[in-house]
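One structure is given here, and the rest of the page talks about it.
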Amino acid sequence: MDANTMIDSLSTQFPDAIYDTKVESKIRIIAKVKPEIVTDVCKYLKENLSFGHLCCEFGVDYPGRNEIEVVYIIGSYDHSVVLTLKAILPRDNPEIESVVPVFWNANWYERETYELFGVKYLNHPDLKPLVLPEDMLGEWPLRKDYKGFPNKAAKNLV
Amino acid sequence: MELPEILFNPLVRGIIGICLMSAIFLGAMAAVWFERKLSADIQQRYGPMRTGPHGLLQLVADAIKLFTKEDIIPKNADRLLFVAAPIMMMGSVFLVLVAIPFGAIIINGNTYPIAATEMDISILYIEAVSAISIIGIFMVAYSSNNKYSLLGAFRNFARMIGYEVPLGISIVSVAIMAGSLNIVEIAQAQHPLWFVFKQPIGFIVFFIALMADMGRLPFDQNESEEELIAGWITEYTGMRFGLGFFAEYIHLILGSMLVVLLFLGGWNLPAVLTSNTILGIILPTVFFLLKVILVMLFIIMLRWAVPRFRIDQVVDISWKKLLPLALLNLGWVIALGLLGV
Amino acid sequence: MAVEQSDYEEVPGVILTDRNAISDFLKTTKAQDVLNWGRKNSLWFMVNAMGCCGVELLSTGMAHYDTDRFGIIPRNSPRHADVLIISGYVTKKYLPALKKIWDQMPSPKWVIAFGDCAISGGPFYESYSTRQNVDEIFPVDVFVPGCPPRCEALIQAFFELQKKIEAKQDRGTEY
Amino acid sequence: MDEKVGPSEMIVHLGPQHPMMPGPFRLNAKLRGETVVDSEVEMGWIHKGIEKILENKTYLQGITIVDRICYLAALTNEEAYVGCVEKLAGIEVPPRAQYIRVIMEELSRIQSHLLGMGEYASFVGFVSMFMYTIRDREDVMTLMDSVTGARVTHSFLRFGGVKDDLPEGFKDDVKRVFASLRKAVDSYEELYSSDEIYKSRTVGIGVLTAEVAKDIGVSGPPLRATGVAFDIRRDEPYLVYPDLDFKVCVQKAGDVYARVQVRLDEMRESMYIIEQCLDQIPDGPLFPEGTAYGRRTPVMRVPAGEVFHRVEDPRGEMGFYMISDGSDKPYRVKIRGPVYPTLQGLPPLIKGVKVADIVAIAGSMDTCTSEVDR
């Protein structure tokens, strides 16, 4: 199965939810997905197209468009096609369904995205900060308008 | 006064005891130095070099530093037990020490052991008091209120219970063969054939059980550094740590002595070599200590050449392998005795 | 005998410190030189690999560089250590743990700031997560620049520390 | 993890400072006796915010930062980062530079495996082994040092090429080091396979089946030890790997012993690859000719776009997702480290094992906390 048939199969299965599909090369495809049904899409990808390997999941902040993109990069152990799946959320209240039931290792990625971007994951088993101390929750340091960067506290700089 | 009479004078005994005590301290320092140099040699490095010639003064420096370190007693620790535990451990080591002969003087075919005391059941006594050190270890672990220490002490207990049994049985076999519970007589009975040749299985069982008893690798689960930081001694600082550390090395020396006394023929030499008075005074002790050092070096070397067992494997080995072997050896010894060999 | 010091700052959950009376007595006499000889030749350091410098720290203690030659050996328990080597980026989350390790070590104790991150924050000086100016928190005796410094630099740092101890100019002990 | 403690249970916090990891990391384990009932990993003790820093550095400055993601695989991190920029900007790397990159990355793999393996040996109480591997690692480090001028963090790769050519006599040095290293690797294997205590501590311990490993998202040696031949160098080739002859080292058992064995085999493969490279390496420029790319490309604007580029790290799949908006700084860089999912899979793996095996299993994953925390 090559990249084109995969993307066709995906868009025929979810005609309303999948849009802006693009085949970049033989091993890279991009698609956008409606955030409501991302779990179903992931389940379909995993079971029917053998996309069983969630490479990573992260957020991208676009303050100009007032959007936060949640990007899933899904690869596979069987073929070398990598799918970039994007879900676009509103910036002031980003909420999306968790994909932990499908991809077990999404757990930490989602926790990290939560504390760095403030994306709330619904039905996540254990949504709490992962890498930052508890009291930094709410600062969302990886958003573009974060005030605490660069940190000017260092005194030994030339 | 004749020489033998002097030896039985309590005052002289006391002086001998004190001399042996200081000797064992020096011996322990030498053991630590050996350990560091030998491990370095195995690991293809130099070991201590700068403090004194070939690092001979390294231990002095360490001792000075440890003596003058801050003495921390954790806030939630049981103060009394915390302070008493290292003393307890040292005490148990010294209790063993009094019964062990450090060599012998042979004059006119008569043997006079160099020991602080001479008792008829010394081997039983040694076996009994050496088990006290486990109480010291548990006091350390319980009082320091640290989970790593506690785990280490539990492991120590499990191991001790497992290994005292084969150790005891192999000692009993030796006692049966020698027909005595007196360690001096046991050593004497190995003339001309050492017990290691008469009961090789017993020797192996005894040696492994002794290694476990001393907590040397592969049996050092109680202080396995990678899991439990430093095991039972994690919370101890300065001199208290030094005492615990030293007690281990004294234990090592005493253990090596036991191996030599029970299986490797003690100080026995062909009668020709001890006929001369001066040779008789010097040679047996030198010969004995030489063997002790060899055994000690072997034990030290073994530590750096093997990985560590897991605690359940250790207990398994003791109950499933060593115990049957020890019993087999006991049967063998009894059979030999019945046959009159 | 050991005297309880109630005015000692309380560290959450851990220690109550006693003073060693013998060492207090010795401080006032010439014997201090002998003590310092012992101390400088037996610097046990805390294995506390925190970042890139951590690997160099590991290599230094091992066969090739062999700090054991100078009596410097790694210890895992802070209670047995004399030297804390801050070997990397101190983050806001890790700082309390590092402080705790420092408090658990018995004095006299010394700190070596190993690498640029420990000195000034290194390449991560502007990050939202790292803690700058670590030298204001710990009494650092020797700074080792480099990113990461070589193993030889760490050995040199130990020599500098030894010199400082010999000259009674270190910050780890009160003379 | 449930904080409630039942009878004869206790919670032990291993870390953040603990000898079992080269880096701060905390494992809260609930024990019943010596058996682990439940556990939880806490991360972030050395979170540096590299992703944010990269957004505020120019592309060239970024190379020094990505070096420090994982200090044991600095060159592969650079490869992933530089590869992203090269894909976005459409830069062709000249063959000689590609070969040099492969040589350096494989050397970096060897030193990383030597450290990981030796450290692992010390976790089961075999400290002397650690000393041996570090001794051999120093030779490899010296080789890398002679090319890049640094031991740990190299900053060696540049967009479109590499900073320096191989020094004179490098081939002879490699030959000399590899002769002794081959012997050393053989002796390690013999030591491992002949030591009964070592075997009893590793065979059948921490078994990871292929299904579970795929579910967790493991890659690299831990995955290959389960029988899945997943290797980015083979499945999604980059640089000159398609021209080179190497096999993907696979073991069936999936236990701790197999993981260490895979690393041993991979070191041999890496040595083989390097020797091929040194034989095949063509003469030529280090940077694409007729372009502005060189050792210094101070201000460089990269066309807008998005790219995901992944390489085979010593520990597994290292990927960078880079979004460029056409300026001189990346808009967003996401780093996908190989150890991140592996470490996440630790709690289910150590359920029901003894305390001593926690260390054995965690160590066999060869984790690098710095890279997980970024």
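Chains as they are written, first to last, in this note's numbering: chain B, 41 to 198; chain W, 23 to 363; chain S, 101 to 275; chain A, 604 to 977. We put the CB at the ideal spot given by N, CA and C, even for glycine.
Among the bridge pairs identified by DSSP, S927(A) is matched with G908(A) and P933(A). Counting only the Cα atoms, L79(W) lies some 34 Å from L33(W). With a cutoff of 8 Å on beta-carbon distance, F214(S) and V244(S) are scored as near each other.
The three-state secondary structure of P770(A), taken from DSSP, is coil. Scanning chain S for C-beta atoms nearer than 8 Å to the C-beta of G652(A) yields F224, S227, Y228, S229 and T230, reported in chain order. Rounded to whole angstroms, F179(W) and T751(A) show a C-alpha spacing of 53 Å. Contact between the segment 209-224 of chain S and the segment 648-657 of chain A is present, with at least three C-beta pairs closer than 8 Å. In the structure shown, F241(W) falls within a coil segment according to DSSP collapsed to helix, strand and coil. Secondary structure note for S207(S): it is in no alpha helix (DSSP H), with a DSSP letter that is neither H nor E.
Separation of L184(S) and F91(B) (C-alpha to C-alpha, rounded to the nearest whole angstrom) is 48 Å. Rounded to whole angstroms, the gap between the alpha carbons of G188(S) and I961(A) is 26 Å.
Between L48(W) and V227(W), the C-beta spacing is not below 8 Å.
For F267(W), none of the residues of chain A pass the 7 Å Cβ criterion, the least Cβ distance being about 17 Å. In this structure, R837(A) sits near V851(A), with a CB-CB distance shorter than 8 Å. When Cβ-Cβ separations below 8 Å define contact, K607(A) makes no contact with chain W.
Residues are counted here when their Cβ sits less than 7 Å from a Cβ of chain S; for the segment 642-666 of chain A these are G647, W648, I649, H650, K651, G652, K655 and I656, given in chain order.
With its beta carbon at least 8 Å from every one in chain S, I109(W) lies outside the interface.
For the options C687(A), M613(A) and A832(A), the alpha carbon positioned closest to that of F923(A) is the one of C687(A). What M71(W) touches in chain S, judged by beta-carbon distance under 8 Å, is R169 and F170, going in chain order.
For I272(W), the enclosing alpha helix (DSSP H) covers residues G260 to L284. Within the same chain, and ignoring the five residues on either side of Q262(S) in sequence, the residues whose Cβ sits closer than 7 Å to its Cβ are K140. The segment 168-176 of chain W and the segment 134-141 of chain W do not touch, with fewer than 3 CB-CB distances between them shorter than 8 Å.
In this structure, the alpha-carbon of T972(A) lies about 19 Å from that of E150(B). For the segment 245-263 of chain S, the set of residues with a beta-carbon nearer than 7 Å to any beta-carbon of chain A comprises C247, P248 and R250, in chain order. Annotation: R738(A) to W354(W) spans about 49 Å, alpha carbon to alpha carbon.
Contact between L675(A) and L710(A) does not hold, since their C-beta atoms are separated by about 12 Å, which reaches or exceeds 8 Å.
The C-alpha of G184(W) lies about 6 Å from the C-alpha of S340(W).
The distance from the Cβ of S749(A) to that of P770(A) is about 5 Å, consistent with a contact at the 8 Å cut-off. In this structure, R671(A) and C152(S) form a Cβ contact; the two beta carbons are roughly 6 Å apart against a cut-off of 8 Å.
CA-CA distance, I37(W) to F331(W), rounds to 43 Å. By the rule that beta-carbons nearer than 8 Å mark a contact, K817(A) touches chain B. The residues I706 and E709, in chain order, have a CB closer than 6 Å to that of I877(A) in the same chain once the five nearest residues on each side in sequence are set aside. Excluding sequence positions up to five before and after K957(A), its CB lies within less than 8 Å of the CB of E637, T638 and V639, all in the same chain and listed in chain order. Put simply, the CB of P619(A) is near chain S, with a gap under 8 Å to one of its CB atoms.
Neighbourhood of S731(A) in chain W, by CB distance below 8 Å: S61, I64, Q65, W326 and A327, in chain order.
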